[in-house]
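In structure tokens:
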């Protein structure tokens, strides 16, 4: 699936949107967990083939936990917070609700709230950037492979995606250090191409 009309200037604008939106989302997650967090430079893809999103998620592993929210209003699409199951368990424990072998009750609620906060931070940052009011649905929860999580949570796994990986310290305090306890995850945003193209028209880079 292609994204017609996206040239170098549009890709630069999309990269700016990814950096600001994902950066605020990662910051919000670190604040929620009260732990140091490090993120990779956010990426923006245009022209992703069918199945590429599920394959990218599968790079985290086969046993995943994902929380998804729908982006609504001028920006339509999907946002996922995805982790390997063991890292999702670690995040729930950091938040004070270890799952104890089963995803239910407060442990699942803690992950849903994490996804909601990540999504809210993303849309707030992008809304301020483009001068539009953006909305968010209630979060959904899924477990399984990358393909299974996409099938359950994603409506717009199309040709455009924004992504960033993060590492969150699970130690008591201090920075993220190699070899120290930490968990890894991914924030993945899949906007509907026509809607995101319209939003990019608000940016000077367009």
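Numbering (my numbering), first residue to last: 1 to 206.
Just so it is clear, CB atoms sit at the ideal spot from N, CA and C, and this is done for glycine as well.
Using 7 Å as the cut-off, classify the Cβ of residue i as near or not near the heavy atoms of the ligand ZN, replying yes or no.
| i | result |
| --- | --- |
| residue 104 | As presented, the structure is devoid of all ligands, the ligand ZN included, so that no description of it is given. |
Once the 5 residues before and after residue i are set aside, which same chain residues still bring their CB inside 7 Å of it?
| i | result |
| --- | --- |
| residue 183 | 83, 87, 90, 91, 168, 170 |
| residue 150 | 53, 54, 57, 157 |
| residue 108 | 141 |
Using DSSP with H/G/I as helix, E/B as strand and the rest coil, what is residue i?
| i | result |
| --- | --- |
| residue 66 | strand |
| residue 54 | helix |
| residue 177 | With a pLDDT of 45 at residue 177, under the threshold of 50, the predicted position of this residue should be treated as unreliable, though the coordinate-derived value follows. Residue 177 falls in the coil class under three-state DSSP. |
| residue 32 | helix |
| residue 164 | strand |
| residue 185 | strand |
| residue 72 | strand |
| residue 83 | strand |
| residue 169 | strand |
Around the Cβ of residue i, are there at least 16 other Cβ atoms within 10 angstroms (buried) or fewer (exposed)?
| i | result |
| --- | --- |
| residue 99 | buried |
| residue 72 | exposed |
| residue 133 | exposed |
| residue 40 | exposed |
| residue 128 | exposed |
| residue 138 | exposed |
| residue 10 | buried |
Leaving out the 5 sequence neighbours to the left and right, which residues in its chain are closer than 6 Å to residue i when beta-carbon positions are compared?
| i | result |
| --- | --- |
| residue 85 | 63, 65 |
| residue 25 | 118, 121, 122, 187 |
| residue 29 | 118 |
Would you list the one or two residues that DSSP bridges to residue i?
| i | result |
| --- | --- |
| residue 143 | 65 |
| residue 190 | 78 |
| residue 220 | Nothing about residue 220 can be read from this structure; the chain reaches only from 1 to 206. |
| residue 106 | According to DSSP, which records beta bridges pairwise, residue 106 is partnered with nothing at all. |
| residue 135 | 72 |
| residue 37 | 168 |
Task: the region 133–145 / the region 117–124 touching (three or more Cβ pairs under 8 Å) - done: yes
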